[in-house]
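Visitor:
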Amino acid sequence: GAGVSQSPSNKVTEKGKDVELRCDPISGHTALYWYRQRLGQGLEFLIYFQGNSAPDKSGLPSDRFSAERTGESVSTLTIQRTQQEDSAVYLCASSPPLDLTEAFFGQGTRLTVV
Amino acid sequence: SQQGEEDPQALSIQEGENATMNCSYKTSINNLQWYRQNSGRGLVHLILIRSNEREKHSGRLRVTLDTSKKSSSLLITASRAADTASYFCATDAETGFQKLVFGTGTRLLVSP
Chain A
2 GAGVSQSPSN
12 KVTEKGKDVE
22 LRCDPISGHT
32 ALYWYRQRLG
42 QGLEFLIYFQ
52 GNSAPDKSGL
62 PSDRFSAERT
72 GESVSTLTIQ
82 RTQQEDSAVY
92 LCASSPPLDL
102 TEAFFGQGTR
112 LTVV
Chain B
2 SQQGEEDPQA
12 LSIQEGENAT
22 MNCSYKTSIN
32 NLQWYRQNSG
42 RGLVHLILIR
52 SNEREKHSGR
62 LRVTLDTSKK
72 SSSLLITASR
82 AADTASYFCA
92 TDAETGFQKL
102 VFGTGTRLLV
112 SP
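Just so you know, the protein sequences line up as chains A and B, in that order.
Every letter in the first sequence is one number past the one before it in the numbering used here, and letter 43, counting from 1, is 44.
Every letter in the second sequence is one number past the one before it in the numbering used here, and letter 97, counting from 1, is 98.
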């Protein structure tokens with residue numbers, strides 16, 4: 002597709018269940034980011050992939066959160082044993098292998114933990 | 002922790018007025034970007050200013066950067082109701098890769 006695609010758009014899950022969120026970046030984009038945004042708040046950095054380099058996981062809030070990326074394509078963000086405080090919109094963005102460039106965002110996955 | 006802090010947190014103006022939002026950051030940067038977000042979903046890139054630039058224009062947008070004060074401002078001139086959105090600044094650290102860190106955002110409401 003032409004843009005960053007995230008799925009599902011919305012996810013409601015029960016507390017304690019695992020969820021997997023998917024991001025399809027723009028083809029050719031080497032950089033991929035995951036952010037979390039709680040209602041009315043700013044974007045909280047979670048993880049950053051850049052080409053074949055080791056990902057920057059410094060923003061992951063706990064060991065219940067993990068993310069993978071297959072080469073320079075699809076990424077999945079997994080949250081294990083979900084808690085109510087995990088409820089948020091999870092945004093994915095990608096950017097091309099150039100300096101001084103913008104990030105292109107998907108529409109996000111709204112996760113609700115009940 | 003977030004790199005940028007925007008102020009004000011919220012701004013309410015009338016159509017035709019100018020809106021000014023400020024962003025402060027903590028570390029040396031390569032560039033600073035401003036993004037817009039409607040309805041709490043995907044963000045859209047507005048403008049990028051390099052660390053060696055002081056001012057940049059794009060249509061009704063004017064961005065300034067003061068690296069000595071580690072601050073930037075976004076001015077929207079002749080605002081329209083359609084400008085109602087949240088606005089975020091984002092920076093990437095001077096060293097390392099392009100990791101973008103976002104500020105807390107300013108919610109702008111433009112009333113007809």
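Ideal placement from N, C-alpha and C gives every residue a C-beta, glycine not left out.
When the cut-off is 8 angstroms and only beta carbons count, does E69(A) lie next to chain B?
Guide: no
Visitor: Does any C-beta atom of chain A lie closer than 8 angstroms to the C-beta of Q3(B)?
Guide: Caution is warranted here: a pLDDT of 47 is assigned to Q3(B), below 50, making its placement in the model unreliable, and no coordinate value can be reported.
Visitor: Please name the residue in A94(B), V111(B) and S87(B) whose C-alpha comes closest to that of H46(B).
Guide: S87(B)
Visitor: Starting from L7(A) and walking both ways along the beta strand (DSSP E), at which residues does that stretch end?
Guide: One point to set straight first is that residue 7(A) is Gln, not Leu, in the sequence displayed. First-last of the beta strand (DSSP E) with Q7(A): S6 to S8.
Visitor: Classify D87(A): buried if its beta carbon has 16 or more other beta carbons within 10 angstroms, exposed otherwise.
Guide: buried
Visitor: Identify, in the order they occur along the chain, each residue of the same chain with its Cβ nearer than 7 angstroms to the Cβ of V111(B), setting aside the five sequence neighbours on each side.
Guide: Closer than 7 angstroms at the Cβ level, and outside the excluded window around V111(B), lie I14, E16, S80, R81, A82, D84 and T85.
Visitor: Does the beta-carbon distance from I27(A) to S95(A) come in below 8 angstroms?
Guide: Between I27(A) and S95(A), the gap from beta carbon to beta carbon is short of 8 angstroms.
Visitor: Of all Cβ atoms in chain A, is any one closer than 8 angstroms to the Cβ of K57(B)?
Guide: It does not: the Cβ of K57(B) has no partner Cβ on chain A nearer than 8 angstroms.
Visitor: With 8 angstroms set as the bound, which would you pick, yes or no: does the beta-carbon of G60(B) sit closer than that to a beta-carbon of chain A?
Guide: no
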